[in-house]
Amino acid sequence: MKFIMLGAPGAGKGTRAALMAEHYKIPHISTGDIFRANLKEGTELGLKAKEYMDKGHLVPDELTVELLLDRVGKDDCQDGYILDGFPRTIHQAEVLEQELKKLDDKIDYAIDVHVPDATIEERMGGRRTCTKCSQSYHIVFANTAVEGICDKCGGEVVLRIDDAPETVHKRLEVYHEQTKPLIDFYNERGILKQVDGSGSIQHALAAVIEVVGY
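Here's what the structure looks like:
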């Protein structure tokens, strides 16, 4: 089975993808991991991507898809994979679809993890991170024993810039403008499945199994 994870930042895509990877025995693949691996190994594709990155340019969609296809061509992806973080735009989805079609392949399911914006703002705005060991907390759901002090290492626990209200709001704006149209894109292809991302982590995998059918 080949999955694509959709949803706003903070919706819990990564959490669900990790649970799905364990359940279906297939790899959870993020484009960030692919870039880092190719840059570290100095592959030909990685060096091509580095040329753009060193100039402060975005890596072209076609090259990103080439890197992605190289990754999903590995032996551990024979039974399927879960893509997390790609595609983010209609153009990226079209390029991926075209290249997979050349290989007589396709995505089986696009899982949309739906969470209201207000819930995401509450989730992300309440996050706190240790500056020393990177342990994560939440002021509502999992706070530190001592205000502002990491339970694990005693480091300072702060609100990251990525989780600041103005940053979260901007990220949601970008999502609605660029990425949300993918919901219609995959719905038109008959492979979109929506799950409620507002529930507990315990229900996260069960919700996916329910819509997929196994």
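Number 210 marks the last residue of the sequence shown (the working numbering); no jumps.
No residue lacks a Cβ here, since even glycine has one placed at the ideal position from N, Cα and C.
In this text, all values refer to a predicted model and were calculated from it rather than measured experimentally.
Expressed to the nearest angstrom, what Euclidean distance is found between the alpha-carbon atoms of residue i and residue j?
i           : j           : result
residue -3  : residue 190 : 17 Å
residue 109 : residue 207 : 12 Å
residue 30  : residue 165 : 28 Å
residue 169 : residue 175 : 10 Å
residue 180 : residue 188 : 8 Å
residue 120 : residue 138 : 13 Å
residue 83  : residue 154 : 31 Å
residue 56  : residue 81  : 15 Å
residue 185 : residue 104 : 10 Å
residue 18  : residue 24  : 9 Å
residue 195 : residue 85  : 27 Å
residue 94  : residue 136 : 45 Å
residue 65  : residue 5   : 24 Å
Near residue i, which residues of its chain fall below 8 Å by C-beta distance, leaving aside the five closest residues on each side in sequence?
i           : result
residue 58  : 91
residue 157 : 163
By the 10 Å Cβ neighbour count, where 16 or more other Cβ atoms means buried, how is residue i classified, buried or exposed?
i           : result
residue 172 : exposed
residue 74  : exposed
residue 127 : exposed
residue 111 : buried
residue 144 : exposed
residue 217 : Because the chain spans -3 through 210 in this model, residue 217 falls outside it and cannot be assessed.
residue 78  : buried
residue 202 : exposed
residue 210 : exposed
residue 204 : buried
What residues in its chain sit with their C-beta under 6 Å from that of residue i, if we drop five residues either side in the sequence?
i           : result
residue 125 : 132 and 156
residue 177 : 86
Mind pulling the beta strand (DSSP E) runs of 3 or more residues that sit fully within the region 25 to 108? Here the runs fully enclosed are 77 to 80.
I want to know whether the region 141 to 157 touches the region 36 to 45 - three or more CB-CB distances under 8 Å. With a cut-off of 8 Å on Cβ pairs, the region 141 to 157 is not in contact with the region 36 to 45, counting fewer than three such pairs.
Ignoring anything shorter than 3 residues or poking outside the region 141 to 192, list the beta strand (DSSP E) runs there in chain order. Within the region 141 to 192, the complete beta strand (DSSP E) runs of at least 3 residues fall at 188 to 192.
Please specify which runs of the alpha helix (DSSP H), each continuous and at least 4 residues long, are wholly inside the region -1 to 26, giving them in chain order. 9 to 20, all fully within the region -1 to 26.
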